[in-house]
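Engineer: In this note's numbering, the protein residues as written are 467 to 695. All C-beta atoms, glycine included, are put in the ideal place defined by N, C-alpha and C. Remember, predicted model here, so these are calculated numbers, not experimental data. Sharing a structure here in structure tokens format.
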Amino acid sequence: MAKIVLAGGSGFLGRHLATDLQGRGHEVVVLTRTPRPGGRVREVTWDGATVGEWQGELDGDDVRVVNLAGKLVDCRPTTTNVAVLRDSRVDATRALVDASRGRDVTAWLQASTTAIWSDAGEQRITEATPIPTGTNALPQMTGVAVPWEAAAQGANTERLSILRTSIVLAPGCPAVDRLVTLARLGAGGTVGSGRQWFSWIHLADWLAIARAALGLGEFDLPEGVVAAT
Numbered sequence: 467m468a469k470i471v472l473a474g475g476s477g478f479l480g481r482h483l484a485t486d487l488q489g490r491g492h493e494v495v496v497l498t499r500t501p502r503p504g505g506r507v508r509e510v511t512w513d514g515a516t517v518g519e520w521q522g523e524l525d526g527d528d529v530r531v532v533n534l535a536g537k538l539v540d541c542r543p544t545t546t547n548v549a550v551l552r553d554s555r556v557d558a559t560r561a562l563v564d565a566s567r568g569r570d571v572t573a574w575l576q577a578s579t580t581a582i583w584s585d586a587g588e589q590r591i592t593e594a595t596p597i598p599t600g601t602n603a604l605p606q607m608t609g610v611a612v613p614w615e616a617a618a619q620g621a622n623t624e625r626l627s628i629l630r631t632s633i634v635l636a637p638g639c640p641a642v643d644r645l646v647t648l649a650r651l652g653a654g655g656t657v658g659s660g661r662q663w664f665s666w667i668h669l670a671d672w673l674a675i676a677r678a679a680l681g682l683g684e685f686d687l688p689e690g691v692v693a694a695t
């Protein structure tokens with residue numbers, strides 16, 4: 467049985483991953499700003515920015531880290547909002563990396579996003595596709611994801627997997643809820659030109675990839691960058 471320390475466990479993906487892993491017999495500890503007493507998964511307080519008493523949760527023979535922490539991407543791309551999106555991810559990642567020093571983490575699942583490629587249009591994207599630069603690197607996409615990934619590079623772990631995830635679709639997920647709400651208000655239909663690419667992944671597939679990234683899955687997954695889409 468592995469111990470999984472999960473930062474960002476109160477979000478949609480975090481809740482489902484915690485339930486999935488715990489149901490498979492693993493110990494799950496969620497790092498959160500507002501622990502809820504009496505829950506099925508143990509929750510520990512952290513501020514998402516600094517090392518605290520929670521770092522003791524990284525002690526053990528088989529500890530694996532999942533970092534999904536960061537403000538929900540559901541806001542206008544203003545300069546202030548982009549800074550909050552970036553800092554909430556980078557600060558949390560740096561705190562986890564600092565806490566891992568002097569400890570042996572078996573595996574580390576680092577969240578990222580396929581939006582790191584900004585608007586690639588008709589280009590075929592793979593894990594090896596170069597990250598856009600200059601005016602092609604949209605601040606709310608590439609400008610958030612690049613420092614987010616870079617902050618994880620000092621993690622003291624035997625295995626680091628960076629999942630560049632596209633929009634996750636499943637009943638109850640933020641993207642579906644927003645689209646359903648628009649439809650119910652009579653504002654459904656074509657989004658934008660209707661000809662743009664819409665990369666997505668089903669929750670069940672994402673969970674399978676996440677388990678594999680942690681070395682707890684049904685198939686082998688290469689280390690490094692993986693496009694989960």
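(1) If you run the structure through DSSP and keep just helix, strand and coil, what is R508?
(2) Just verifying my parser: in three-state terms, what is the DSSP assignment at T500?
(3) Taking the alpha carbon of D527 as the reference point, which residue from E493, P637, V507, R630 has its own alpha carbon closest?
(4) With a cut-off of 8 Å on the beta carbons, I'd call R627 and S665 a contact; round off their distance for me.
(5) Taking one C-beta from the stretch 499-510 and one from the stretch 539-552 each time, how about it: are there three or more such pairs within less than 8 Å?
(6) Taking contact to mean 3 or more Cβ pairs, one atom from each stretch, closer than 8 Å, check whether the stretch 603-615 and the stretch 650-658 are in contact.
(7) Please name the residue, chosen from G477, G480, A561, R490, that lies closest to G514 on a Cα-to-Cα basis.
(8) What's the C-alpha gap between V471 and T647?
(9) Check the DSSP bridge columns for L472 and list the partner residues they point to.
(10) Quick check on DSSP: helix, strand or coil for I633?
(11) Going by DSSP, what residues sit across from S665 in a beta bridge?
(12) Taking 8 Å as the limit between beta carbons, can you name the residues of its chain near P640, skipping five residues before and five after?
(13) Could you give the first and the last residue of the continuous alpha helix (DSSP H) run that contains G690?
(14) Using only CA atoms, which one of H482, T559, S554 lies nearest to N533?
(15) Assign E523 to buried or exposed, taking buried as 16 or more other Cβ atoms, counted over all protein chains shown, within 10 Å of its Cβ.
(16) Hey, how far is the Cα of A649 from the Cα of S476?
(17) D671: which of L629, V548, V550 sits nearest, CA to CA?
(18) So A535 and V507 are supposed to be a Cβ contact under 8 Å. How far apart are they, rounded?
(19) Sort out for me which residues DSSP pairs T579 with in a bridge.
(20) With DSSP collapsed to three states, give me the class of V657.
(21) Is T572 helix, strand or coil when you go by DSSP?
(22) Where do the N-terminal and C-terminal ends of the alpha helix (DSSP H) with L487 fall, by residue?
Structural biologist: The structure says:
(1) Judged by DSSP in its simplified three-state form, R508 adopts strand.
(2) Three-state DSSP puts T500 in coil, outside helix and strand.
(3) Minimum Cα distance to D527 is reached at E493.
(4) Correcting the residue identity first, residue 627 is Ser in this sequence and not Arg. About 19 Å separates the beta carbons of S627 and S665, which is beyond the 8 Å limit, so they are not a contact pair.
(5) Too few Cβ pairs lie closer than 8 Å, so no.
(6) Touching, no.
(7) Comparing alpha-carbon positions, the option among G477, G480, A561, R490 lying closest to G514 turns out to be A561.
(8) V471 and T647: Cα-Cα distance of roughly 34 Å.
(9) DSSP lists V496, V532 as the beta-bridge partner residues of L472.
(10) Note: I633 maps to strand in three-state DSSP.
(11) BP columns for S665 are empty, so no partner.
(12) Cβ-Cβ distances below 8 Å link P640 to F478, L538, D540 in the same chain, with the five nearest sequence neighbours on each side left out; the list follows chain order.
(13) Premise fails: G690 lies in the beta strand (DSSP E), 690-694, not in any alpha helix (DSSP H).
(14) Among H482, T559, S554, the Cα nearest to that of N533 is on T559.
(15) E523 should be labelled buried.
(16) Near 27 Å, if we compare the C-alpha coordinates of S476 and A649.
(17) Relative to D671, the option among L629, V548, V550 whose CA is nearest is L629.
(18) Their Cβ separation, rounded to whole angstroms, is 16 Å, which puts A535 and V507 out of contact at 8 Å.
(19) Beta-bridge pairing links T579 to T631.
(20) Three-state DSSP puts V657 in coil, outside helix and strand.
(21) The answer is strand: DSSP assigns T572 an E or B state.
(22) Its alpha helix (DSSP H) spans residues 478-489.
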